[in-house]
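Student: So that we are looking at the same thing, I have put the structure below in structure tokens.
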Amino acid sequence: FARARASLRRTLTGAPNSPFRDSLLQGKVALITGGATGIGFEIATQLARHGAHIVLMGRRKPVLDAAVAVLQKAGFQAIGLQGDVRKREDASQVVEATVQRFGRLDVLVNNAAGNFLVAAEDLSPNGFRTVLDIDSVGTFTMCHAALNHLKCGGTGKAAADSGLIINISATLHYSAQWYQIHVSAAKAAIDSLTRSLALEWGTDYGIRVNGIAPGPIKDTPGIQKLAPDEAGVKYHIEKNNWGEKWDIAMAAVFLASDAGRHINGVTLPVDRGNWLIKPRI
Ligand code: HXC
């Protein structure tokens, strides 16, 4: 009866239970950029639910405060730190404040991103640069600021226990996508730096650097921008490629766990194989 009731509750909320044990990430500290909304917030929630202490970084204080309140109300250890990944001083301050508060840093999730739909001919070079600054340069800036703490978790722990970087990417640059020239270039650069850092920092410091590439995910700021009308939403539902934030967060939980210890330098598409799809001929 209890199992039936749990299953009914899952059906009602639409959120599956986690297949992982609650203490999976006990003792770990995770910093998530753009962590107060959308995919970033779900990643933060699931890392917290599996035992990690959480720092959310974002530009808007009221949005951060609201997100932190939700996590704390659920009984999780979480704080919010205001900052813009485009600013080096913000990156350093947030990383240092994270270590000051929780004593270490184990997982950096580079999730902050900018996006808007625009035809290439209507996009100014500054608009192009702005998205690369947030997504690609911002990711590198955060990695750079976090390096010293990821090497040893800030506690002098053994190299084998070094940190993890998860870069949130996309699949749209595997081919091309209308009105996304700036984001496609930015995410391609992120995938490239995932490999380069995995090689250099994986070899020298045992830091794993991996990516997750979501397909269209419902109820996110990203999909509101990319499929702003009903026709766009209907397209994704009909194609059955409509993921949930939970799907992305579970990939992050897996990578952050010991089960992911041998995985370095890959970007994992989480889109039900949609990136492979070509019309049947
Ligand atoms: C054309 C635009 C534009 C638009 C901005 N620009 N919005 N150009 N169409 N809709 C241009 C401006 O004209 C300007 O160029 C330049 O970009 C900088 O604009 P600002 O407004 O000054 O930039 P800023 O205030 O820093 O805002 C950054 C932003 C913003 C990216 C433009 O939209 C933002 O931060 N949004 C919130 C984050 C967000 O959307 N997250 C969801 C990510 S989803 P000029 O030449 O005029 O100076 C995601 C999914 C990936 O990443 C794909 C999944 C499948």
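Numbering (our numbering), first residue to last: -4 to 276.
Think of the CB as a built atom: it goes at the ideal place given N, C-alpha and C, for glycine as much as any other residue.
Keep in mind it's a predicted model, so treat the numbers as computed, not measured.
Does the pairing of the stretch 155 to 169 with the stretch 263 to 270 give three or more beta-carbon distances under 8 Å?
Tutor: Yes, the stretch 155 to 169 is in contact with the stretch 263 to 270.
Student: Kindly confirm or deny that the stretch 218 to 226 and the stretch 100 to 114 touch, where touching means at least three C-beta pairs closer than 8 Å.
Tutor: With the cut-off at 8 Å, the stretch 218 to 226 and the stretch 100 to 114 touch.
Student: I need the DSSP call for V90, collapsed to helix, strand or coil.
Tutor: helix
Student: Give the straight-line distance between the Cα atoms of G148 and E239, rounded to the nearest whole angstrom.
Tutor: Confidence in G148 is poor, its pLDDT being 49 and thus under 50, which makes the residue's placement unreliable; the coordinate value appears in the next sentence. Distance between the alpha carbons of G148 and E239 is about 31 Å.
Student: Under 5 Å from any heavy atom of the ligand HXC, by CB: list those residues in chain order, please.
Tutor: A108, G109, N110, F111, V113, S119, N121, G122, T125, A165, P216, G217
Student: Tell me the rounded alpha-carbon separation between G158 and I185.
Tutor: Roughly 18 Å between the two C-alpha positions.
Student: Does DSSP put N269 in a helix, in a strand, or in coil?
Tutor: helix
Student: Which partner residues does I38 have in the DSSP bridge list?
Tutor: DSSP output for I38 lists no bridge partner at all.
Student: Quick one: give me the first and last residue of the alpha helix (DSSP H) that A251 is part of.
Tutor: That run of the alpha helix (DSSP H) goes 240 to 251.
Student: Please say whether A47 and A25 have beta carbons closer to each other than 7 Å?
Tutor: yes
Student: Given 8 Å as the limit, is there contact between the stretch 187 to 204 and the stretch 245 to 264, that is, 3 or more CB pairs closer than that?
Tutor: yes
Student: Return yes when the Cβ of K146 is within less than 7 Å of the Cβ of A165, no when it is not.
Tutor: no
Student: Please name the residue or residues paired with M52 in a DSSP beta bridge.
Tutor: T28, L76
Student: Helix, strand or coil for V261? Go by DSSP, reduced to three states.
Tutor: Here V261 sits in coil by DSSP.
Student: Does the distance from the C-beta atom of V50 to that of L66 stay below 7 Å?
Tutor: no
Student: Counting C-beta neighbours from all protein chains within 10 Å, is the total for G268 16 or more, i.e. buried, or is it exposed?
Tutor: exposed
Student: Can you have a look at K313 and say buried or exposed, based on whether 16 or more other CB atoms are within 10 angstroms of its CB?
Tutor: Beyond the ends of the chain as shown, which are -4 and 276, falls residue 313; an answer cannot be given.
Student: Out of P120, A140, I161, V228, state which residue places its alpha-carbon closest to the alpha-carbon of H177.
Tutor: Minimum Cα distance to H177 is reached at P120.
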